[in-house]
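To start, the structure under review is shown below, and the notes come after it.
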Amino acid sequence: MPALLAGGVALIAGSQAWAQGSAQAAPIRVAAASDLKFALAELGAQFEKQTGLKLAITFGSSGNLARQLEQGLPMDVFLSADEALVFRLAKGGWARDEGVVYGTGRLAWIVPKDSRAALSPDLKGLTAALGESGKLSIANPDHAPYGRAARSALQNTGVWPAVQSRLVLGENVSQATQFVSTGAAQVGVVALSLAVAPEVAQRTRHGVVDAALHPPIIQRMALHAKAPVSAQRFYAFLQTNTAKAVLSSHGLGQ
Numbered sequence: 000m001p002a003l004l005a006g007g008v009a010l011i012a013g014s015q016a017w018a019q020g021s022a023q024a025a026p027i028r029v030a031a032a033s034d035l036k037f038a039l040a041e042l043g044a045q046f047e048k049q050t051g052l053k054l055a056i057t058f059g060s061s062g063n064l065a066r067q068l069e070q071g072l073p074m075d076v077f078l079s080a081d082e083a084l085v086f087r088l089a090k091g092g093w094a095r096d097e098g099v100v101y102g103t104g105r106l107a108w109i110v111p112k113d114s115r116a117a118l119s120p121d122l123k124g125l126t127a128a129l130g131e132s133g134k135l136s137i138a139n140p141d142h143a144p145y146g147r148a149a150r151s152a153l154q155n156t157g158v159w160p161a162v163q164s165r166l167v168l169g170e171n172v173s174q175a176t177q178f179v180s181t182g183a184a185q186v187g188v189v190a191l192s193l194a195v196a197p198e199v200a201q202r203t204r205h206g207v208v209d210a211a212l213h214p215p216i217i218q219r220m221a222l223h224a225k226a227p228v229s230a231q232r233f234y235a236f237l238q239t240n241t242a243k244a245v246l247s248s249h250g251l252g253q
């Protein structure tokens with residue numbers, strides 16, 4: 000019995016030491032596509048509560064983040080809105096493998112709350128919603144996957160030539176969304192995951208864009224080749240059914 004009690008004390012002491020170590024561990028460094036702003040806020044809070052580990056998340060356009068990772072930006076996990084960038088990082092040795100798909104993005108077009116525009120999936124009525132002098136906001140197609148998808152949708156509906164001179168380009172899709180919610184643009188073609196967020200929805204209305212109008216937005220994540228155990232735990236958490244349900248609720252189903 001004394002030996003058993005001693006073992007129990009040792010187990011408790013070990014658990015306390017692990018908990019203290021978790022609290023003192025360096026934050027898990029996460030680079031994430033900006034369409035994940037609200038989804039990761041929810042998931043991060045859950046993960047931190049469950050584990051005691053902390054996250055340090057940097058949001059940006061996937062293209063810019065990938066380039067910075069290749070140039071040495073210190074990150075443990077990368078969640079990209081474009082799976083091709085993860086493949087590139089894996090080939091270059093940054094990632095330990097080609098990662099896993101965590102969601103498929105959808106486009107939405109948004110207008111201010113008081114706009115009477117009919118938000119049809121085929122984007123009909125978009126030019127009418129712009130009016131004579133309105134601006135159209137999308138993420139920069141040069142490095143933002145949602146910007147490329149928006150451009151494709153606009154091209155496939157035939158309105159691209161008419162709206163190209165009226166574009167307001169966001170550095171990333173989050174900024175493109177902000178342009179509409181603050182009145183700097185009258186229409187935006189952005190990420191559904193941002194359009195459904197309460198703080199965006201209280202200022203705008205949205206309609207989901209027909210997925211057939213643009214190439215699929217397959218979103219993939221990967222671990223750094225030397226990611227610490229803490230980052231591996233977060234990576235595994237993002238693959239749980241609980242995390243998948245949260246991502247789906249934010250418009251990022253698989």
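So that you can map any letter, position 154 of the sequence shown is 153 in numbering that gives the first Met the number 0, and since no number is skipped, the others follow by simple counting. Every residue, glycine too, gets a C-beta built ideally from N, C-alpha and C.
Exposed or buried, which one is residue i when buried takes at least 16 other CB atoms within 10 Å?
i           : result
residue 96  : exposed
residue 256 : Outside the displayed range of the chain (0 to 253) lies residue 256, so it cannot be described from this structure.
residue 253 : exposed
residue 163 : exposed
residue 130 : exposed
residue 141 : exposed
residue 239 : exposed
residue 49  : exposed
residue 173 : buried
residue 228 : exposed
residue 61  : buried
residue 248 : exposed
residue 150 : buried
residue 250 : buried
residue 71  : exposed
residue 36  : buried
residue 224 : exposed
residue 259 : What the structure shows of the chain is the stretch from 0 to 253, and residue 259 is not part of that stretch, so it cannot be assessed.
Kindly say whether residue i, judged by its beta-carbon, lies nearer than 8 Å to any beta-carbon of chain B.
i           : result
residue 201 : No chain B appears in the structure shown, which is made up of a single protein chain.
Going by DSSP, name the residue or residues bridged to residue i.
i           : result
residue 168 : 137
residue 220 : 78, 99
residue 108 : 188, 206
residue 58  : 31
residue 94  : 223
Rounded to whole angstroms, what is the Cα-Cα separation between residue i and residue j?
i           : j           : result
residue 232 : residue 207 : 34 Å
residue 75  : residue 99  : 15 Å
residue 148 : residue 82  : 14 Å
residue 211 : residue 189 : 16 Å
residue 55  : residue 27  : 6 Å
residue 244 : residue 92  : 31 Å
residue 104 : residue 214 : 10 Å
residue 51  : residue 59  : 26 Å
residue 124 : residue 106 : 16 Å
residue 144 : residue 24  : 33 Å
residue 265 : residue 246 : Given that the chain is displayed from residue 0 to residue 253, the structure contains no residue 265 and the question cannot be resolved.
residue 241 : residue 43  : 12 Å
residue 196 : residue 165 : 26 Å
residue 118 : residue 203 : 12 Å
residue 154 : residue 161 : 10 Å
residue 216 : residue 175 : 17 Å
residue 152 : residue 57  : 28 Å
Please go through the same chain and pick out, in chain order, the residues whose beta-carbon is closer than 8 Å to the beta-carbon of residue i, but skip the five residues on each side of it.
i           : result
residue 277 : Any question about residue 277 goes unanswered here, given that the chain covers just 0 to 253.
residue 15  : Confidence in residue 15 is poor, its pLDDT being 43 and thus under 50, which makes the residue's placement too unreliable to answer from.
residue 158 : 122, 125, 126
residue 128 : 110, 114, 116, 185, 186
residue 194 : 107, 109, 176, 200, 203, 205, 250
Once you ignore the five residues that flank residue i on each side, which residues in its own chain have a CB closer than 6 Å to its CB?
i           : result
residue 168 : 139
residue 226 : 75
residue 171 : 33, 59, 60, 138, 143
Which residues in the same chain have their Cβ closer than 7 Å to the Cβ of residue i, if we skip the five residues on either side of it in sequence?
i           : result
residue 20  : Because residue 20 sits at a pLDDT of 44, beneath the cut-off of 50, its placement in the model cannot be relied upon, and the following sentence gives the value as read from the coordinates. So the list is empty, once near-sequence residues are dropped.
residue 184 : 134, 135, 136, 167, 178
residue 113 : none
residue 68  : 30, 74, 77, 88, 93
residue 38  : 192, 245, 246, 249, 251
residue 47  : 53, 54
residue 236 : 46, 242
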